[in-house]
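From first to last, the protein sequence lines are chains A, B, C, D, E, F, G and H. Residues in the first sequence are numbered from 181 upward in steps of one, following the working numbering. Residues in the second sequence are numbered from 181 upward in steps of one, following the working numbering. Residues in the third sequence are numbered from 181 upward in steps of one, following the working numbering. Residues in the fourth sequence are numbered from 181 upward in steps of one, following the working numbering. Residues in the fifth sequence are numbered from 181 upward in steps of one, following the working numbering. Residues in the sixth sequence are numbered from 181 upward in steps of one, following the working numbering. Residues in the seventh sequence are numbered from 181 upward in steps of one, following the working numbering. Residues in the eighth sequence are numbered from 181 upward in steps of one, following the working numbering. Don't be surprised by glycine CBs; every beta carbon is placed ideally from N, CA and C. Computed from a predicted model, the values in this text were never measured in an experiment. See structure below.
8 protein chains.
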Amino acid sequence: MEPADAHRLILAALRDQPFADLGFAKVDHHRTIRQGFPEVVLGLGKTPQQIAGIAAEIVKRGNPLLITRADEAAWHAVQAKVDGTEFHEIARCITLKGVMEPGKGTIVLCSAGTSDMPVAEEAAVTAELMGNTVDRLYDIGVAGIHRLLSQRTRLESARVVIVVAGMEGALPSVVAGMIGVPVIAVPTSVGYGASFGGVAALLGMLNSCANGVSVVNIDNGYGAGCIASMINHL
Amino acid sequence: MEPADAHRLILAALRDQPFADLGFAKVDHHRTIRQGFPEVVLGLGKTPQQIAGIAAEIVKRGNPLLITRADEAAWHAVQAKVDGTEFHEIARCITLKGVMEPGKGTIVLCSAGTSDMPVAEEAAVTAELMGNTVDRLYDIGVAGIHRLLSQRTRLESARVVIVVAGMEGALPSVVAGMIGVPVIAVPTSVGYGASFGGVAALLGMLNSCANGVSVVNIDNGYGAGCIASMINHL
Amino acid sequence: MEPADAHRLILAALRDQPFADLGFAKVDHHRTIRQGFPEVVLGLGKTPQQIAGIAAEIVKRGNPLLITRADEAAWHAVQAKVDGTEFHEIARCITLKGVMEPGKGTIVLCSAGTSDMPVAEEAAVTAELMGNTVDRLYDIGVAGIHRLLSQRTRLESARVVIVVAGMEGALPSVVAGMIGVPVIAVPTSVGYGASFGGVAALLGMLNSCANGVSVVNIDNGYGAGCIASMINHL
Amino acid sequence: MEPADAHRLILAALRDQPFADLGFAKVDHHRTIRQGFPEVVLGLGKTPQQIAGIAAEIVKRGNPLLITRADEAAWHAVQAKVDGTEFHEIARCITLKGVMEPGKGTIVLCSAGTSDMPVAEEAAVTAELMGNTVDRLYDIGVAGIHRLLSQRTRLESARVVIVVAGMEGALPSVVAGMIGVPVIAVPTSVGYGASFGGVAALLGMLNSCANGVSVVNIDNGYGAGCIASMINHL
Amino acid sequence: MEPADAHRLILAALRDQPFADLGFAKVDHHRTIRQGFPEVVLGLGKTPQQIAGIAAEIVKRGNPLLITRADEAAWHAVQAKVDGTEFHEIARCITLKGVMEPGKGTIVLCSAGTSDMPVAEEAAVTAELMGNTVDRLYDIGVAGIHRLLSQRTRLESARVVIVVAGMEGALPSVVAGMIGVPVIAVPTSVGYGASFGGVAALLGMLNSCANGVSVVNIDNGYGAGCIASMINHL
Amino acid sequence: MEPADAHRLILAALRDQPFADLGFAKVDHHRTIRQGFPEVVLGLGKTPQQIAGIAAEIVKRGNPLLITRADEAAWHAVQAKVDGTEFHEIARCITLKGVMEPGKGTIVLCSAGTSDMPVAEEAAVTAELMGNTVDRLYDIGVAGIHRLLSQRTRLESARVVIVVAGMEGALPSVVAGMIGVPVIAVPTSVGYGASFGGVAALLGMLNSCANGVSVVNIDNGYGAGCIASMINHL
Amino acid sequence: MEPADAHRLILAALRDQPFADLGFAKVDHHRTIRQGFPEVVLGLGKTPQQIAGIAAEIVKRGNPLLITRADEAAWHAVQAKVDGTEFHEIARCITLKGVMEPGKGTIVLCSAGTSDMPVAEEAAVTAELMGNTVDRLYDIGVAGIHRLLSQRTRLESARVVIVVAGMEGALPSVVAGMIGVPVIAVPTSVGYGASFGGVAALLGMLNSCANGVSVVNIDNGYGAGCIASMINHL
Amino acid sequence: MEPADAHRLILAALRDQPFADLGFAKVDHHRTIRQGFPEVVLGLGKTPQQIAGIAAEIVKRGNPLLITRADEAAWHAVQAKVDGTEFHEIARCITLKGVMEPGKGTIVLCSAGTSDMPVAEEAAVTAELMGNTVDRLYDIGVAGIHRLLSQRTRLESARVVIVVAGMEGALPSVVAGMIGVPVIAVPTSVGYGASFGGVAALLGMLNSCANGVSVVNIDNGYGAGCIASMINHL
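Shown next, in the form of structure tokens:
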């Protein structure tokens, strides 16, 4: 086959892949096949109307729904088009449950401080919607290390761990040093001054001297929940 | 001729170049001759009154008008002094059409996500006002590459391509690798955390491993539209 | 029990945990129990004598050995104290094989360009030493996307994927969009100018719009290999 | 004792350490024993309800109370649960006095300008609550060095000095050069442009050519007050 | 057609696209069809042997050859495998000429200072090899603006302009204000102190207040030459 | 004399230097003697009451008054305590004129664009209050260089030049290349994206290839006006 | 007394303060009186001859000597002028002991890894020369937390603690949470990639969530030793 | 006159301005007329041959010569073409004296430490070559403020002051607060760690709270000397 023919063939094949063109968005209906979960909507920077439009398109194929970084206005717009959604205020998420294959073990979710809760809850809501059991260990920052050490049994029962921390972001290193399973570290923008909106925590986590720590974007609770779920479904 | 004489001559010559001094602004009436389009007004940081004053000065010589980064207040001020202007809400532009030489081919305008639309539309409004045909391919980010690949024919029909993307800014590299015409990459401030207001996308585009990618400032849809128009008029 | 008593007890218990104090280093002999692999030596910033001393301490308990960022001088020092080690020149690693539990699937290891090989090989050597099968896909950067797409079958056979890329670091997003398993992204310092020693690639990967991407430090092939192995042993 | 047994023992011991689990927070009741002062609440990023809940938990064990970065709304919530608290408006702190061992000498607290007062007062309120005498020298920046030199006697009477400064942050170097006791330098976010929210002052202080200067985070008056108190109690 | 079938078809088609797998590199033989010029080799970070291997693979299909960031050692390795190559010392390029379609106009290449020559020459060698006529205007920085103004006729004869400048990078703005064709700006790492290896020039060019300026990576003469050639062939 | 005696003497002498201690501020009454102008008040970060208190203290010794970064609320507070002050709305300054020694020549004040006016006017108000004649050349940015060149005679009549510019900050280099007197460059925060709040302009000016350019902080119109006045009074 | 007279007096008094002018350096002989230790020489950026000249000047008044960041060449130059000096190879210090008042307690010096030893030893040499007892706890990084916990008794015996750590710099937070005395944190440049030469560790330490942590410059072992000594002498 | 005619005239006039085209450089012979001193050669990034060629061109018109950032190799190349030049080893400058109009007063040149000497001497050599008297006050950093205060009479005798300082860069603020003439601040790259190659000093100087401080690039002794000379010749 000639390259030119190959090109034509590819084109033809791709045109048949399902996505829905809403003009302002191309909803990827093939994603469930490729990744086991439909497209997730990042609410940030989209109007309530755009969010609701995409949500309706996703749901009408029988898919579960996850919208992150959403506020109440977005939820009201979604409610007008989709029945039965739920709004998680702390996590800032809109969800509609679906039937998901259950994860194989427990995802342990640690957070360093009370202010990290919105990000931690975004991770929890994501992982739970994707079929996982989540065990939350909140406010166990390293300044009072006995709080962390006292949870050792629960930590050791994890198949994968998510650690959410702002400020110096030291918690993932200590946690990862105590166990032998993957740790997904989520830096948060909690802090002030030289925390630089989460950069200090991000750098701390990237430079972790402990084994098994990989990192996602600042405040990206969703990303961590999704990766943990992927690992937990292996 | 002595240098001193030369200086005097230059001075005399330059004094005759046309610009209008409004006190707070010197409107460059010579620009149409040099560049084929009159001075464009960046609304950012100017009062509605200043914007309207400059607009009136430009239009009274029979020029088309483009004001970027404008809001409704600016438009109302302009309407009081100039008839027939149009406000593009998503693009945040005020325009008054003029007679422009048509571009020679099509400018294909790609955007990675729905949230990139304000910047993409600023580029589109600019290019269209300058006499070009613009073909919009929105929401074709690399996470669902089949959406991009399915548009190959349209991409290959371009004389020049504008690619607008935030977050990791990977789209221009993939697009440029598929075609043989210049790609103007526009990073956007869409994202959060380590996107640093568009810096991640900007750096990604500057380091593109593909041929033919040049870059403009973060969110500079106008600049990309203008360069694409220049190329399309060659 | 009183807190004071608790403290005394903890102290007593911890003193019994095995580590060997070499003066300049405390070799953690408990790590194999906690994490399934003994302490790994980062050669960077240590003298050949220090490296050899730590290596001997690790090996004398019957452990396998991994030293990263090592040069030939370090290898010679190690050889004087430990028999049977191997030096991986491109990967800059010294190893001594041990009996490891095999991983459950294949780790696919992608790299964007030829210059990324040292980092990719560090990941490969690590993962192989830890008992995994590694399938290498080198030089499949996004500027010629057909090279990547043509490897789809191999990608889809992965239980976990490592993607190594410098410059704009776009490859992990494209790869992650094509599959449904975790992607460990490794930015490299390959590039010049505004790549800032790997920062551009790092930011690109942290801001990936695709699901399943987590990131390790710039040039941290070891870390990626280790995490991939952990996941592959779940 | 086997490692496994040691682990079990540690776990048992740690479980008995006192902390109170409020769900969103784990109040560390053991801190008074370890550090001589109960847990301090950083108000930033917590809701008034969360702050009040933690405050009540701390106070009910007879502890003094310090909440930093608090506003009036937080104070009203605290007042509903705890009697007798005080709100320091400039310092943005809520306090409830306790019986503290007095510090051994005087803490001299210098600030470079009037705008640095909120941070300086946070340090003062902290140190005073912890049992110290604080001598305030405000607005003695280096542009009029005679103001500083005229306070030499008071400076020389200090057991430890806190220096609060924004902009170029030069004051700690000059002060430290005049005396022989430790200087805790606090950069503030006072300034504009290339002060980068306190980064210029922070860097200046970290690079101090004078002996005895150590630095805390930008705007961290609390931290400086706490360290100065620790030193003053030695 | 079902998505699964589509996937199988794409795969089949792509497998037929020509690239040569050298193990450490996949040479993209399809690139000439897509972009009119074969793969260009970035010498940076590759061994002379790797460079020579890739060069031989490119040339054996009758393609012209361009290797950038090469030194003499690389050239000697290439000479052993490929006849007739040329080494451009200042430009640090190895080339083998091919038959190229000539560009339609002149590319004017400006540089601000003598130290910018290596980058400027890399652009010139690239553009000339790709079939273009290049008119060099060197050392016309803005500190002696009459040097630039005196070249106005040559500038105005350009179909596209490349401007290479380090330090404050002001030249592209001034040049672009004088003409109506696209300007490709290349920041260089020439300078010291707060030039930060070309960052000052890069930022200056990205923020250009003149129309028609797009930017490539610091010191990326090749990229600028390639884009200018693409535009000049439209 | 012994060092200890010397110290005592210095102390005694310094205590007699005049400053007024307002508690929150130490007004430096000696500054007029040292520098020819009384203390200037930076309004930023001070309450209207603090500003008014300092203003009253300055004026009651018969001094002129300059308050920068002030708003209308501050002005009203000042008016309640000091008669005859003036509020400069664009410059955001409050002034009370005094008798100043006139500067020896003209200060030419250039600005690149209309949006730079607040900073430029702050410089103008400062310099005029300090006894200088200021010749304003506004909106002469380098994108239409004939606007600048046409003002050559006025530029050449300057004893010292202030150049205010945002975005790429190229104007000072071009101006300084045309004349032989000192140029004080003021970067402004005008711009967006990669202007980083004035950093691009700041770096451009620091790296100026032209002679005679020194730089002040971003948006520091006051500083530039003050330095220009110092030079103009030599 | 008039201000002018006061100035004259100050001047007279200051002239009598002892310092020795070597032309390239002004050795401050008054420092021992002010701070209890003579001037310390930072070897970095000085020639061996300059170092030796300053050293001779210090020693000839009977003072002890400390030169930091010195190499063997500097030591040889010093030996030619000063008898009895010692060279500490790991610490890169030259010393001559003097009679110092002993510190009141023990300085505990922790380091996270073997590669941090040069910085830790610089702190140790400094503190010991200044009359302190130093207890070294090396290689107790947080990835194997039992190594740290097992040293609790030694930690609790400290009057002040120095913690030296590179990479993520998490150790000071954990240590400070375990004890109630001041912690001087020293970030080191140990690490690679996103450690940015110690910036990650620096930021981590500045953002410590534990009480009592203050920070010095990256690799500034001397500064930490000196502050710890000051505290230990209170 | 029509714009087109004006353009033609300007062009004609400018062509007659004298500059010499050496191919790799355009030597600006008109600069002496515009600025009172011929073009100065920045040695950095130029080959000895290029430097010597430019030097010969400058000198053959009877001009004095200044080459900065030069090494001995450059000097030898220059000596082969130009008689009577001098090499200033510490300042890294090559000079040939000319007849210059003397400056009106004294330039006082302060440096904070011994390691700042190369930059300070570059400023001194520049200013002296341009006809000024320079009074050097070296090693008067703020850590021993009596060294600075003791030089008050010499400082007060200055017509303009240059202050050279690395590390925290605090000296210009203190000096400027003591006098009423312009201060040119030169940050140096002296320091380590968080000095970031002079950035800390640069930021400190830009944020100076004292009047009269303007700043040049890091290590730019030449620039400061040149500006001081311009001011001193007014």
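Shortest alpha-carbon distance to residue i belongs to which of the options?
i: residue 281 of chain B; options: B:309, B:397 and B:261; result: B:309
i: residue 247 of chain G; options: G:219, G:348, G:387 and G:342; result: G:219
i: residue 223 of chain G; options: G:208, G:275 and G:330; result: G:275
i: residue 263 of chain F; options: F:407, F:203 and F:244; result: F:244
Is the shortest distance between the beta-carbon of residue i and the beta-carbons of chain E less than 7 Å?
i: residue 261 of chain H; result: no
i: residue 374 of chain C; result: yes
i: residue 368 of chain C; result: no
i: residue 230 of chain H; result: yes
Is the shortest distance between the beta-carbon of residue i and the beta-carbons of chain B less than 7 Å?
i: residue 394 of chain C; result: no
Verify the CB distance criterion: does residue i have a CB-CB separation below 7 Å to chain F?
i: residue 364 of chain H; result: yes
i: residue 347 of chain E; result: yes
Beta-carbon of residue i versus every beta-carbon of chain A: anything under 7 Å?
i: residue 195 of chain D; result: Model confidence at residue 195 of chain D stands at a pLDDT of 46, short of 50, so the residue's coordinates are unreliable; what they give is reported in the following sentence. Yes, its Cβ sits closer than 7 Å to a Cβ of chain A.
Looking at residue j and residue i, is the spacing between their C-beta atoms short of 7 Å?
i: residue 381 of chain H; j: residue 345 of chain H; result: yes
i: residue 232 of chain C; j: residue 257 of chain C; result: yes
i: residue 303 of chain G; j: residue 291 of chain G; result: no
i: residue 298 of chain D; j: residue 270 of chain D; result: yes
i: residue 392 of chain D; j: residue 363 of chain D; result: yes
Residue i CB to nearest chain G CB: under 7 Å?
i: residue 172 of chain A; result: With chain A represented from 181 up to 414, any question about residue 172 of chain A goes unanswered, as that position is not in the structure.
i: residue 199 of chain C; result: yes
Give me whichever residues DSSP pairs with residue i in a beta bridge.
i: residue 291 of chain F; result: F:344
i: residue 201 of chain C; result: C:206
When you compare the CB of residue i with every CB in chain H, is at least one pair closer than 7 Å?
i: residue 203 of chain E; result: no
i: residue 291 of chain E; result: no
i: residue 324 of chain E; result: yes
Using a Cβ cut-off of 7 Å (strictly closer), state whether residue i contacts chain D.
i: residue 320 of chain G; result: no
Contact criterion: CB-CB distance below 7 Å. Does residue i meet it with respect to chain C?
i: residue 247 of chain E; result: no
| request: Starting from the N-terminal side, write out each stretch of the beta strand (DSSP E) that is 3 residues or longer and does not extend beyond the region 341-376 of chain F. | output: The beta strand (DSSP E) runs lying completely inside the region 341-376 of chain F and spanning 3 residues or more are 363-367, given in chain order.
| Which residue spans inside the region 245-324 of chain A form an unbroken alpha helix (DSSP H) run of at least 4? | Counting only runs of 4 or more, we get 252-259 and 297-309.
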